[in-house]
Amino acid sequence: MAERILSVKALTKRFGGFVALNAVDLQLGEGERLGLIGPNGSGKTTMINCISGALFCDQGTITFKGTDITRLPAHRRTRRGIVRSFQIPRPFRSMTILQNLLIPMEYAVTRGGRGSDPETEARDILDVVGFRGRANDNSGRLTQVDMRKLELARALAARPQLLISDEAMAGLSSSEVDEILGILLKLNERGVAVIMIEHIMRAVFRFSERVVVLDAGRKIAEGTPAQIVKDPEVERAYLGV
Amino acid sequence: MRSAGFWSVVAAALLGGLAFAALTNNAYYFTAAYAILQALIMAIAWNILGGFTGYVNFGSAGFFAVGAYCTVALHKFLPSIGIDPPLFVFVFASAIVCGLIGLAAGYLTLRLKGVYFAIATLALAIVFETLIKNWSYVGGAKGTPILTPDPPQFLWGYIAFSSYVKYLFVVMLLLSLTAIVISRYIVNSKIGRGLAAVRDDELAAECMGVPTLRLKLISATVMGALMGMAGAPYVFMVSFIDPASAFSLEIAVNSIAMPMIGGTAYWYGPVVGALLLGTAQQFISVTISSELNVLLVGVVLVAFVILAPRGLVGLVNDLRAKAKRHG
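Same order as they appear, the protein sequences are chains Y and D.
Be aware that the first sequence starts at 12, since it is given in our numbering, and climbs by one per residue.
Be aware that the second sequence starts at 8, since it is given in our numbering, and climbs by one per residue.
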């Protein structure tokens with residue numbers, strides 16, 4: 012594994028009496044592509060809520076690039092480079108596509124001295140996700156696939172070092188899945204580590220170098236896609252046999 | 008609106024107001040204009056938290072009353088230690104006190120969302136009212152009379168106001184323009200863009216690096232300060248103040264209705280709403296009946312919430328966009 016960028020130790024999160032995550036460990040190398048899978052309700056989204064700071068964990072520690080960020084609010088984690096997209100797209104609906112991107116550029120990116128012009132940078136990102144010429148479209152009236160692209164574009168605008176993509180492809184057609192996958196791979200080539208949460212196994216196994224499987228708040232398996240497919244524990248979790 | 012255009016309109020409004028004060032002597036006009044300007048400031052103040060930030064609340068007008076009572080208390084206390092300050096001292100003091108209370112209240116309530124937040128702010132206004140009702144130094148529940156001071160003179164008598172209400176009108180004009188400038192500055196600044204993100208989706212904003220709690224607290228502080236600022240001169244305008252009138256529902260509803268009618272997402276929304284509705288109210292209370300203007304506010308508010316939820320400004324923008332598409 013390359014140098015470690017994220018290290019999660021014994022992460023535990025309870026909602027009342029329900030244990031959503033039970034002492035889960037997770038490591039991520041710099042520039043690594045990790046798939047996080049598991050049946051519905053297994054704790055995937057809770058896990059990334061805890062990593063991104065949308066929720067605080069009850070126990071355990073989260074270290075990002077050598078700094079303990081367990082108690083840091085979400086917006087400060089974003090500034091450090093942990094950026095997420097949402098399972099159900101949450102655009103800033105009163106704004107145009109371009110304005111959506113300018114929010115993280117203004118708030119999350121610290122510009123030492125004279126950086127590039129934010130608007131130029133935003134337009135470059137829009138080109139990457141295939142939004143060329145649509146910068147001034149109203150973000151509240153996009154189609155599902157466009158909303159997902161906007162989620163990713165906005166996440167990119169925050170200049171992530173670790174991107175957490177929460178089911179960016181659910182409900183998309185197979186060509187649309189390829190499109191989103193292409194964007195994530197392109198991003199990864201630039202050195203951004205990616206955690207992908209996904210139910211579409213074809214996409215997860217094609218994308219990930221390593222896969223972690225959660226079930227009922229526990230990590231039940233970890234390995235290369237090839238190993239995971241053959242894992243009897245995983246089979247039992249998914250098929251219940 | 009571009010900067011040059013904006014500042015010319017501000018200057019024109021100021022000069023127009025001053026000319027009006029210099030040329031007219033009918034006290035009614037100043038009383039009516041004062042009422043409209045007071046509503047204008049309160050509409051702008053409410054809109055900073057309710058419109059820009061999306062935290063719709065029913066407690067804002069309580070800050071107006073607290074501002075008024077802050078002035079009552081100072082007006083009683085300062086002369087007792089031999090200080091007789093000019094009006095702007097009361098305005099500043101009320102703005103600062105109410106800003107700080109806004110900050111504290113925001114810290115307590117801004118973790119709540121939607122209807123829960125609205126209820127919490129309503130409760131807060133009742134808490135303030137109860138406290139003041141039981142504070143005998145400022146008159147308690149039975150209220151307190153305030154002697155209208157003599158009209159002041161400035162520049163060794165070169166500028167002399169013929170009546171105090173005229174002076175209050177000029178003060179209110181200055182405060183209104185200040186509120187407009189502050190509101191426009193906020194909505195066009197980095198803070199305003201962050202607040203818009205909070206309004207659209209708070210969690211997404213936080214995850215995009217926006218320090219949501221801090222921005223909400225700034226918003227609540229500015230709201231409180233502007234409300235308090237509007238409350239200070241009110242004391243001298245009415246010459247008798249009691250909790251029932253200062254915390255009256257009518258004042259509170261106006262400060263919500265005007266931005267809603269004008270359009271909450273824009274700095275000029277509450278200005279348009281307050282000028283139109285405020286003028287209509289003054290007109291109706293003189294020509295038809297003062298009870299009818301309460302009905303007017305209710306009917307117009309309901310109509311706008313249903314038919315044009317983005318207010319007059321939003322409606323006009325939509326129509327223009329449509330005309331452009333078809334034209």
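Ideal Cβ placement from N, Cα and C applies to all residues, glycine included.
Predicted model, so just to flag it, every value in this text is computed and none were measured.
Give me the Cα-Cα distance between Glu-246 of chain Y and Ala-237 of chain Y, rounded to the nearest whole angstrom. Working through the first sequence from its first residue, we reach residue 246 of chain Y at position 235. Working through the first sequence from its first residue, we reach residue 237 of chain Y at position 226. Each residue's Cα considered, the two are about 13 angstroms apart.
What are the start and end residues of each continuous alpha helix (DSSP H) run of 4 or more residues lying completely inside the region 247-287 of chain D, in chain order? 250-253, 256-269
Hey, out of Y:Gly-234, Y:Ala-168, Y:Ala-227, Y:Gly-193, whose CA is closest to Ala-31 of chain Y's CA? Along the first sequence, read from residue 1 onward, the residue named residue 31 of chain Y stands at position 20. The option with the nearest alpha carbon to Ala-31 of chain Y is Y:Ala-227.
Less than 7 angstroms between the beta carbons of Gly-318 of chain D and Gly-285 of chain D, yes or no? Residue numbering aside, residue 318 of chain D sits at position 311 when the second sequence is read from its first letter. Residue numbering aside, residue 285 of chain D sits at position 278 when the second sequence is read from its first letter. Taking 7 angstroms as the Cβ cut-off, Gly-318 of chain D and Gly-285 of chain D do not qualify as a contacting pair.
By the DSSP assignment, the alpha helix (DSSP H) with Phe-27 of chain D in it spans what residues? By 1-based counting over the second sequence, the position of residue 27 of chain D is 20. That run of the alpha helix (DSSP H) goes 10-30.
Please tell me whether Ser-330 of chain Y and Ile-108 of chain Y are closer than 7 angstroms, where the distance is taken between their beta carbons. Lying outside 12 to 252, the shown extent of chain Y, residue 330 of chain Y is not represented and no answer is given.
Which same chain residues end up closer than 6 angstroms to Gly-124 of chain Y when comparing Cβ atoms and leaving out the 5 residues on each side of it in sequence? Along the first sequence, one-based indexing puts residue 124 of chain Y at 113. For Gly-124 of chain Y, the pLDDT reaches just 48, beneath the cut-off of 50, and the residue's location in the model is therefore unreliable, leaving the point undetermined.
Which whole-angstrom value is the C-beta distance of Tyr-207 of chain D and Ser-105 of chain Y, which I expect to be below 8 angstroms? Position 200 of the second sequence, counting from 1, holds the residue named residue 207 of chain D. Position 94 of the first sequence, counting from 1, holds the residue named residue 105 of chain Y. For clarity, residue 207 of chain D is Asp in the given sequence; the question names Tyr instead. Confirmed, about 5 angstroms.
Let me know the secondary structure DSSP gives Pro-115 of chain Y once reduced to three states. Residue numbering aside, residue 115 of chain Y sits at position 104 when the first sequence is read from its first letter. Helix at Pro-115 of chain Y.
Going by DSSP in three states, Val-63 of chain D sits in which element: helix, strand or coil? For the purposes of this step, residue 63 of chain D is identified with residue 56 of the second sequence, where counting begins at 1. Here Val-63 of chain D sits in coil by DSSP.
What's the C-alpha gap between Lys-223 of chain D and Leu-56 of chain D? As a working note, residue 223 of chain D is residue 216 in the second sequence. As a working note, residue 56 of chain D is residue 49 in the second sequence. Answer to the nearest angstrom: the Cα atoms are 8 angstroms apart.
Can you give the Cα-Cα distance for Ala-133 of chain Y and Leu-112 of chain Y, rounded to whole angstroms? What you label residue 133 of chain Y is simply residue 122 of the first sequence in a count that begins at 1. What you label residue 112 of chain Y is simply residue 101 of the first sequence in a count that begins at 1. Those two C-alpha atoms are separated by around 6 angstroms.
Using a Cβ-Cβ cutoff of less than 7 angstroms, which residues in the same chain neighbour Val-188 of chain Y once the five nearest sequence positions on both sides are dropped? Position 177 of the first sequence, counting from 1, holds the residue named residue 188 of chain Y. Result list for Val-188 of chain Y: Met-180, Ile-211, Ala-214, in chain order.
Does the region 212-226 of chain D come into contact with the region 89-101 of chain D, if we say contact requires no fewer than three beta-carbon pairs (one atom in each stretch) closer than 8 angstroms? no
Who are the neighbours of Ser-176 of chain Y on chain D, taking C-beta pairs under 8 angstroms? Within the first sequence, the letter at position 165 stands for residue 176 of chain Y. Those within 8 angstroms of Ser-176 of chain Y in chain D number zero; the least Cβ separation is about 13 angstroms.
Straight-line Cα distance separating Val-205 of chain Y from Asp-138 of chain Y: Stepping through the first sequence from its first residue, residue 138 of chain Y is reached at position 127. Stepping through the first sequence from its first residue, residue 205 of chain Y is reached at position 194. Cα to Cα, Asp-138 of chain Y sits roughly 20 angstroms from Val-205 of chain Y.
Give me the Cα-Cα distance between Thr-78 of chain D and Tyr-114 of chain D, rounded to the nearest whole angstrom. Position 71 of the second sequence, counted from the start, is the residue given in the question as residue 78 of chain D. Position 107 of the second sequence, counted from the start, is the residue given in the question as residue 114 of chain D. The straight-line gap from Cα to Cα measures roughly 24 angstroms.
Around the Cβ of Asp-157 of chain Y, are there at least 16 other Cβ atoms within 10 angstroms (buried) or fewer (exposed)? As a first step, residue 157 of chain Y is located in the first sequence; it is residue number 146 there, counting from the start. Buried is the call here.
By the 9 angstroms beta-carbon criterion, what residues does the region 197-209 of chain D contribute toward chain Y? Lys-197, Arg-200, Gly-201, Ala-203, Ala-204, Arg-206, Asp-207, Asp-208
Report the residues of the region 150-183 of chain D with a CB closer than 9 angstroms to any CB of chain Y, ordered along the chain. none
Just tell me which of Y:Ser-96, Y:Ala-85, Y:Ile-48, Y:Gln-110 has its CA closest to the CA of Leu-230 of chain Y. The residue given as residue 230 of chain Y occupies position 219 in the first sequence. Inspection of the sequence shows that residue 230 of chain Y is occupied by Lys rather than by Leu. Answer by Cα proximity: Y:Ile-48.
Of all Cβ atoms in chain Y, is any one closer than 7 angstroms to the Cβ of Pro-86 of chain D? Along the second sequence, read from residue 1 onward, the residue named residue 86 of chain D stands at position 79. No, its Cβ sits nowhere closer than 7 angstroms to a Cβ of chain Y.
Should Val-217 of chain D be flagged as near chain Y, meaning a C-beta pair shorter than 7 angstroms? Here residue 217 of chain D is taken as the residue at index 210 of the second sequence, counted from 1. Interface residue, yes.
Would the region 182-195 of chain D and the region 229-240 of chain D be scored as touching if the rule is three or more Cβ pairs under 8 angstroms? yes
Gln-110 of chain Y versus Y:Ile-16, Y:Asn-147, Y:Glu-190, Y:Tyr-118, residue with shortest Cα-Cα distance: The residue given as residue 110 of chain Y occupies position 99 in the first sequence. The residue with the shortest Cα to Cα distance from Gln-110 of chain Y is Y:Asn-147.
Output, in sequence order along the chain, the residues in the region 87-98 of chain Y whose CB is closer than 7 angstroms to any CB in chain D. Thr-89, Arg-90, Arg-95, Phe-97
Leu-322 of chain D: which of D:Ser-296, D:Gly-280, D:Glu-298 sits nearest, CA to CA? Locating residue 322 of chain D in the second sequence gives position 315, where the first residue counts as 1. Minimum Cα distance to Leu-322 of chain D is reached at D:Gly-280.
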